[in-house]
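Undergrad: Sharing a structure with you now.
Residue numbers (the UniProt record's numbering): 1 to 154.
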C-alpha cells in the first residue's frame, strides 16, 4: 500500500490476510475471517493506513523541551547538536524524511510524514538525558509531567 501527498510518499506492506477496497475517497479494510488474529490485524492495519494518509497530507510533529543550566540544542543541516552537560557535545544525525527546528535554544521540534520515524527520533534524542526526578533536568516531551522527589532531609 502506498500513500502520496504534498509532504511526500509513504509505502508499507501489510499482512497477507488484510485486504483493502477503495470507494472514491474512502478506503475500507477487511480481514480474512479464518485468521486467528483477525481483529488485532484489522485494527492495526486501519491505524497504520490512517497514519500514512494523515502523514503525507498534514504531517506529524513532536516538541521536546530541554531543561538544565547550559543545556541547549542547535540544528546544523541534517544534524542536531546537543549540549547536555557532558564533556563533549552530542551529535545526532536525522534520518531521511525527518526534520528538526530549534526555538530559543531549548525547544526542539521534530517533524515528518512518518509518525513512527518522528516518535523514534524523539525517543533516541530523549534517551541521551531523560528527565531526573530531583531537579527536573533533562529532555522531556512538551507537557510531560515529571514526578519530583523531595531529596534528603536534615
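Glycine residues also receive a C-beta, built at the ideal position from the N, C-alpha and C atoms.
Quick test of your reading: residue 118 and residue 61, contact by CB under 8 Å. State the CB separation rounded to the nearest angstrom.
TA: Residue 118 to residue 61, Cβ: 7 Å. Contact.
Undergrad: In the structure shown, what three-state DSSP assignment does residue 66 receive?
TA: The answer is strand: DSSP assigns residue 66 an E or B state.
Undergrad: Closest by CA to residue 72, which one among 9, 94 and 101?
TA: Closest option to residue 72, Cα to Cα, is 101.
Undergrad: Quick check for students: name the residue ranges of the beta strand (DSSP E) that lie wholly in the region 55-135, counting only runs of 3 or more.
TA: As far as the region 55-135 is concerned, its whole beta strand (DSSP E) runs of at least 3 residues are 60-67, 72-76, 79-83, 90-93, 98-103 and 107-112.
Undergrad: Is DSSP giving residue 12 helix, strand or coil here?
TA: If DSSP states are grouped into helix, strand and coil, residue 12 belongs with coil.
Undergrad: For residue 88 and residue 41, I'd like the C-alpha separation in whole angstroms.
TA: Approximately 45 Å between the Cα atoms of the pair.
Undergrad: At what residues does the beta strand (DSSP E) containing residue 178 begin and finish?
TA: The structure shown has nothing for residue 178, since the chain only spans 1 to 154.
Undergrad: Which residues mark the beginning and the end of the beta strand (DSSP E) in which residue 139 is found?
TA: Counting along the chain, the beta strand (DSSP E) containing residue 139 begins and ends at 138-141.
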